[in-house]
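Q:
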Amino acid sequence: MKTNIKNVALEELGDRVVQWGYPRFHARQIFSWLYQKNALEFMDMSNIPSSLRSKLIDNYHCSETKVAEIFESSDGTKKLLLALYENERIEAALISAEKRITGCLSSQVGCRFSCAFCASGSKGFTRNLSSGQILDEVVYLKRCAPKRLLTHVVFMGMGEPFDNYENVLKAVRIINADYGFHIGARRITISTCGIPEGIRRLARENLQVELSVSLHAVDDATRSKLMPVNRKYPLNELFAAIGEYVKTTNRQVTFEYVVVDGINNGLNDATKLQTLLKGLNCKVNLIPYNPVEASRLKAPSLGNIKEFKGFLERRGITVTVRKSRGQDIDAACGQLRMRYEN
Ligand code: SF4
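Take the working numbering: the last position of the sequence shown gets the number 670, and nothing is skipped along the way.
1) Excluding the 5 residues flanking Val395 on each side, which residues of the same chain have their C-beta closer than 8 Å to its C-beta?
2) Tell me whether Tyr388 sits in a helix, a strand or coil according to DSSP, three-state version.
3) On the three-state DSSP scale, how would you describe Thr393?
4) Does the ligand SF4 have a heavy atom nearer than 7 Å to the CB of Ser542?
5) Between the Cα of Asp548 and the Cα atoms of Lys560, Glu572, Glu641, which residue gives the shortest distance?
6) How should Met329 be labelled, buried or exposed, when 16 other C-beta atoms within 10 angstroms of its C-beta is the threshold for buried?
7) Name the DSSP bridge partner or partners of Cys432?
8) Taking one C-beta from the segment 397 to 404 and one from the segment 451 to 461 each time, how about it: are there three or more such pairs within less than 8 Å?
9) Inspect the beta-carbon positions of Glu489 and Ile527 and report whether they are closer than 8 Å.
10) Using the rule of at least 16 other Cβ atoms within 10 Å of the residue's Cβ for burial, across every protein chain shown, is Lys651 buried or exposed?
11) Per DSSP, what kind of secondary structure is Thr405 in: helix, strand or coil?
12) Compute every distance between the C-beta of Gly487 and the non-hydrogen atoms of the ligand SF4, then say whether any falls below 7 Å.
13) Hey, is the segment 583 to 594 in contact with the segment 628 to 635, meaning 3+ C-beta pairs nearer than 8 Å?
14) What residue range is occupied by the uninterrupted alpha helix (DSSP H) comprising Asn596?
15) Just to confirm the assignment: which complete beta strand (DSSP E) runs, minimum length 3, are found wholly within the segment 536 to 560?
16) With distances taken from CA atoms, which of Asp597, Leu601, Asp589, Val612 is nearest Val581?
Here it is, written out as structure tokens:
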């Protein structure tokens, strides 16, 4: 059975090429076509002998996904709805802001964590993406990007990256490698809903990637309502793992905090947040809630966001506010796929 060539490591492809009677250097050339020239067909690989291209066609898929639709927001955000062979849909987004061109990737079809503010979780989990399918997303995003260039990659699309740890890390290594997409590790962010084993495992990888943790509430009762994962891994367990991560890696952690009106946006919440983060090398990214169809949660006012931010900053915490991008094209994670399936 044919497999996605992007699931294959460079060494393994080199062995295969040699086994077929060709010099090993062709494996690097093939990788260059896949990850630097963003090829979608083996026939386009013009410096590969045609007999070797035929072998590749017989044994591998060059890409396992197809673009079903591209949506472009008035703010320039592009959202790609990608169709897998199994006729499932995943989403990937391209967000341009100043000098950054960020690709936002999905790691699973659906998600089993059911966060209240997220469309991806509302339809449940279907399956993990392979590393090759994750890398397909990067190829398509690059093909849509200005000058076919991505400066940053974030795992913030559909799915929980640490619930598909092996495939995500395999993809990260190729995104980072000089024979892959060659995007610096510090420009790759893995965002988790808070899986302590995943955080501890990442700490041991000796990779310079960024870790972002979706916090969204500062007490267990509220967090469990917004993020059911908190029932399994309450705040004390989560923060024990984050503390170990910071100690082992000496790296800063970003906390994502979706501000929802009437739920977690009071100054009492900001006070508890400050206490929770005391002494930790971290920053906070406030995200004004972007309403999704299936949810009754409400967006906060601009004044509220300013007040929350100011409160934390005056207490020495670095705070950014993420602009909501692509609202007119359902760019919040899982919204497009949900619309497609409705
Ligand atoms: S926010 Fe992330 S972890 Fe939570 S349901 Fe959505 S995709 Fe899953």
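Where is the CB? At the ideal position from N, CA and C, for every residue including glycine.
A: In short, the structure shows the following:
1) Leu408, Leu409, Leu410, Ala411, Tyr468
2) strand
3) strand
4) yes
5) Lys560
6) exposed
7) Ala421, Val482
8) no
9) It is worth fixing the name first, because residue 489 is Pro in this sequence and not Glu. Going by C-beta atoms, Pro489 is not nearer than 8 Å to Ile527.
10) exposed
11) coil
12) yes
13) yes
14) 595 to 605
15) 538 to 542
16) Val612
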